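Asker: Sequential numbering of the sequence shown, starting at 1, is according to full-length UniProt numbering.
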Amino acid sequence: MGVGGLVPEATSVDVTISIRVTGPEQMARRLADALRSALELPGAEVEVRAVEPARREPALVVLADSRRVLHRGERVELTRLEFDLLLHLCEHPDRVHRRHALMHRVWGASPVVDTRTVDVHIRRIRRKLGDAARFISTVRGVGYRLEHTGQVVVVRDGGPPDERSTVDSA
């Protein structure tokens with residue numbers, strides 16, 4: 001306490017507190033007590049609230065077994081080949097996929113088939129995905145890559161929830 005019962009003005013306060021807690025309510029109580037003690041303000045009112053972290057839903061969910069795609073909860077209609085191409089990219093994120101390899105994997109075609117077909121399908125997928133199109137990157141002269149961002153999830157929806165395969169952890 002300062003002169004005349006006034007609290008001296010502080011420009012900053014550095015406080016390090018180590019406490020063991022079992023839940024958010026106990027943490028809030030313990031933190032408020034520790035702050036009062038550290039600031040030497042026994043009667044001061046300190047409000048500390050436990051706030052649940054905001055849960056971010058994935059921007060893009062690929063339901064592999066039912067062959068559906070959801071963008072921000074809305075269904076995206078894809079052709080069979082568009083779905084197969086997107087699923088392959090989603091199941092192997094952060095890898096560069098060469099056009100010839102994608103042709104062979106998705107179309108079952110030999111490399112003599114025009115690889116521009118892949119470019120056309122990627123362009124159509126991007127158009128249908130809206131802002132989720134940003135997850136598909138073009139690697140110039142090579143192919144495509146799905147960026148590992150935490151916003152794209154592949155779900156094997158034929159199994160129980162614990163068998164979900166998360167491509168990107170949010």
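Virtual Cβ for every residue (Gly too), placed ideally from N, Cα, C. As the structure is a prediction and not an experimental result, all values here were calculated from the model.
Can you find at least 3 beta carbon pairs, one from the stretch 93-100 and one from the stretch 53-72, that sit closer than 8 Å?
Answerer: no
Asker: Roughly how many angstroms separate the alpha carbons of residue 151 and residue 138, rounded to a whole number?
Answerer: Here residue 151 refers to the residue found at position 151 of the sequence shown. Here residue 138 refers to the residue found at position 138 of the sequence shown. When rounded, the distance between both Cα atoms is 18 Å.
Asker: Is DSSP giving residue 143 helix, strand or coil here?
Answerer: One-based indexing of the sequence shown puts residue 143 at position 143. Correct three-state label for residue 143: strand.
Asker: Name the two residues that bound the continuous beta strand (DSSP E) containing residue 67.
Answerer: Reading the sequence shown from its first residue, position 67 is the one you call residue 67. From DSSP, residue 67 is part of no beta strand (DSSP E); its letter is neither H nor E.
Asker: Hey, how far is the Cα of residue 148 from the Cα of residue 81?
Answerer: Translated into the one-based positions of the sequence shown, residue 148 becomes position 148. Translated into the one-based positions of the sequence shown, residue 81 becomes position 81. Those two C-alpha atoms are separated by around 22 Å.
Asker: Identify, in the order they occur along the chain, each residue of the same chain with its Cβ nearer than 7 Å to the Cβ of residue 143, setting aside the five sequence neighbours on each side.
Answerer: Within the sequence shown, the letter at position 143 stands for residue 143. If we look at residue 143 and ignore the five residues flanking it on each side, its Cβ neighbours are 96, 97, 98, 99, 102.
Asker: Please say whether residue 106 and residue 84 have beta carbons closer to each other than 8 Å?
Answerer: Here residue 84 is taken as the residue at index 84 of the sequence shown, counted from 1. Here residue 106 is taken as the residue at index 106 of the sequence shown, counted from 1. A contact, by the Cβ cut-off of 8 Å.
Asker: From the DSSP output, which residues share a beta bridge with residue 137?
Answerer: Here residue 137 refers to the residue found at position 137 when the sequence shown is read from its first residue. Bridge partners of residue 137: 145.
Asker: Residues in its own chain within less than 7 Å of residue 130 by CB, not counting five upstream and five downstream?
Answerer: Translated into positions along the sequence shown, residue 130 becomes position 130. These residues qualify, in order along the chain: 71.
Asker: How many Å lie between residue 65 and residue 134 at the Cα?
Answerer: Sequence index remark: in the sequence shown, residue 65 carries index 65 (1-based). Sequence index remark: in the sequence shown, residue 134 carries index 134 (1-based). Cα to Cα, residue 65 sits roughly 24 Å from residue 134.
Asker: Our contact map puts residue 62 next to residue 87 with C-beta atoms below 8 Å; I'd like the distance itself, whole angstroms only.
Answerer: As a first step, residue 62 is located in the sequence shown; it is residue number 62 there, counting from the start. As a first step, residue 87 is located in the sequence shown; it is residue number 87 there, counting from the start. Rounded, the Cβ-Cβ distance is 6 Å, consistent with contact.
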